[in-house]
Amino acid sequence: MAGMTAPTMTREARFAMTKTPSVGNAAKRWCLAAGLAAAAGAWPGVALAASTISGTVTFDGKAPTLKPLTMDADPACAKMHSKPAPSEMLVLGSGNTMGHIMVWVSKGLPAGKTWPAPKDPAVLDQKGCQYVPHVMGIMVGQTYRILNSDGILHNVHALPKINRGFNRPMPATLKEATATFDKPEPVFQIKCDVHPWMSAYVGVFTHPFFSVSGTDGKFTISGLDPGTYEVTAWHERLGTQTASVTVAANETKAQDFKFTMPAAK
Ligand SMILES: [Cu+2]
Numbered sequence: 033m034a035g036m037t038a039p040t041m042t043r044e045a046r047f048a049m050t051k052t053p054s055v056g057n058a059a060k061r062w063c064l065a066a067g068l069a070a071a072a073g074a075w076p077g078v079a080l081a082a083s084t085i086s087g088t089v090t091f092d093g094k095a096p097t098l099k100p101l102t103m104d105a106d107p108a109c110a111k112m113h114s115k116p117a118p119s120e121m122l123v124l125g126s127g128n129t130m131g132h133i134m135v136w137v138s139k140g141l142p143a144g145k146t147w148p149a150p151k152d153p154a155v156l157d158q159k160g161c162q163y164v165p166h167v168m169g170i171m172v173g174q175t176y177r178i179l180n181s182d183g184i185l186h187n188v189h190a191l192p193k194i195n196r197g198f199n200r201p202m203p204a205t206l207k208e209a210t211a212t213f214d215k216p217e218p219v220f221q222i223k224c225d226v227h228p229w230m231s232a233y234v235g236v237f238t239h240p241f242f243s244v245s246g247t248d249g250k251f252t253i254s255g256l257d258p259g260t261y262e263v264t265a266w267h268e269r270l271g272t273q274t275a276s277v278t279v280a281a282n283e284t285k286a287q288d289f290k291f292t293m294p295a296a297k
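Position one of the sequence shown corresponds to residue 33 (this note's numbering), numbered consecutively onward.
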């Protein structure tokens, strides 16, 4: 019941009151949530927002060997690496587990329920002339904080199709910039116009039910109400896959994904 404690609901109510023109609806939602929380407490076995979907993403078949990133065009970048940085496109762990996969709940969330954006920013760093992290999720309205740890000229070029894009030079002296995205949009690219190998991907969501797999291929989406959800897994070149997953109250359900190379023509 961690998600339904009073402080969380107070924050949510405050968020709804500042963001929603109708204070009446926000208050109604709060009352409804409080009522549901009370009901859940009174009925053992009924738990809200305590279900989890987790799994492992793997690459199926013989993985191609991708060339490392070539940073020779900017010696300042090249000298930050004792050996060439590996490609970020296909990141495999032992057993061909797959990193950099964005996984999110794409359908099935309770209608009318809203989730406040975290107060903490989602942070993208420019470090070693690479974006860190390569793939990340952020919520609508959450601060997107862009750092320049390198202290050299970069240019952050966001290429969304639904949100408003931006193209922001970050000279050596500019250590930080911020942005927000006001519409849900999975997934779009961020590029550096100075360094063509620099690429990152961002997914923007109205809810917190997203996760990016680590090199071990693992992802976890928790805090869900019991229900049936469509879950989407995305890779920057190998496209998206969906699965239908039903979770009961308090249950952790496994859902794995496998990506493979498209068949040669
Ligand atoms: Cu750059």
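Beta carbons: idealized from backbone N, C-alpha and C, even for Gly.
- Within the same chain, Ala110 come within 6 Å of aspartate 104 by CB-CB distance, once the 5 residues on both sides are set aside.
- The closest heavy atom of ligand 1 lies 7 Å or more from the beta carbon of asparagine 199.
- Residue environment for alanine 81: buried (at least 16 other C-beta atoms within 10 angstroms of its C-beta).
- Our two residues, phenylalanine 237 and phenylalanine 291, have alpha carbons roughly 23 Å apart in a direct line.
- For glutamine 158, the Cβ falls inside the 7 Å cut-off from some heavy atom of ligand 1.
- Proximity to alanine 296 across Ser86, Thr88, Ser83, Pro96 peaks at Pro96, based on C-alpha coordinates.
- Counting along the chain, the unbroken alpha helix (DSSP H) around alanine 110 starts and ends at 107-110.
- With respect to the 8 Å criterion, glycine 93 and glycine 249 are not classified as neighbours on the basis of their beta carbons.
- Looking at the DSSP output, cysteine 224 bridges to Val188.
- Counting C-beta atoms within 10 angstroms of its own C-beta, proline 240 has 16 or more neighbours from the protein chains shown and is therefore classed as buried.
- Around the Cβ of glycine 169, a 10 Å sphere holds 16 or more other Cβ atoms; the residue is buried.
- Distance from the C-beta of asparagine 282 to the nearest heavy atom of ligand 1 is not below 7 Å.
- Boundaries cannot be given for phenylalanine 213, as no beta strand (DSSP E) includes it and DSSP labels it neither H nor E.
- In the structure shown, the three-state DSSP call for aspartate 248 is coil.
- Serine 114 is positioned such that its CB atom lies no closer than 8 Å to that of aspartate 257.
- The shortest CA-to-CA distance from aspartate 225 to any of Asp152, Thr252, Cys161 is the one to Cys161.
- Counting only beta-carbon distances shorter than 5 Å to the non-hydrogen atoms of ligand 1, the qualifying residues in chain order are His186, Cys224, Val226, His227, Met230.
- Of all alpha-carbon atoms in Met171, Gly255, Lys139, the one lying nearest the alpha-carbon of proline 153 is that of Met171.
- Residue pairing for histidine 267: DSSP places it in a beta bridge opposite Gly271.
- When Gly127, Arg196, Thr175 are compared, the shortest CA-CA separation from proline 150 is found for Thr175.
- Distance from the Cα of aspartate 106 is smallest, within the candidate group Met230, Val188, Leu270, Val155, for Met230.
- Fewer than three pairs of CB atoms, one per stretch, sit closer than 8 Å, so the region 189-206 makes no contact with the region 251-266.
- A straight-line Cα-Cα distance of about 15 Å links valine 219 and threonine 212.
- Taking a contact as a CB-CB distance under 8 Å, the pair serine 245 and valine 89 counts as one, their CB atoms being some 5 Å apart.
- The shortest CA-to-CA distance from glycine 173 to any of Asn195, Lys159, Ala190 is the one to Asn195.
- DSSP places leucine 156 in the uninterrupted beta strand (DSSP E) bounded by 154-159.
- Annotation: the continuous beta strand (DSSP E) that includes alanine 286 extends over 284-286.
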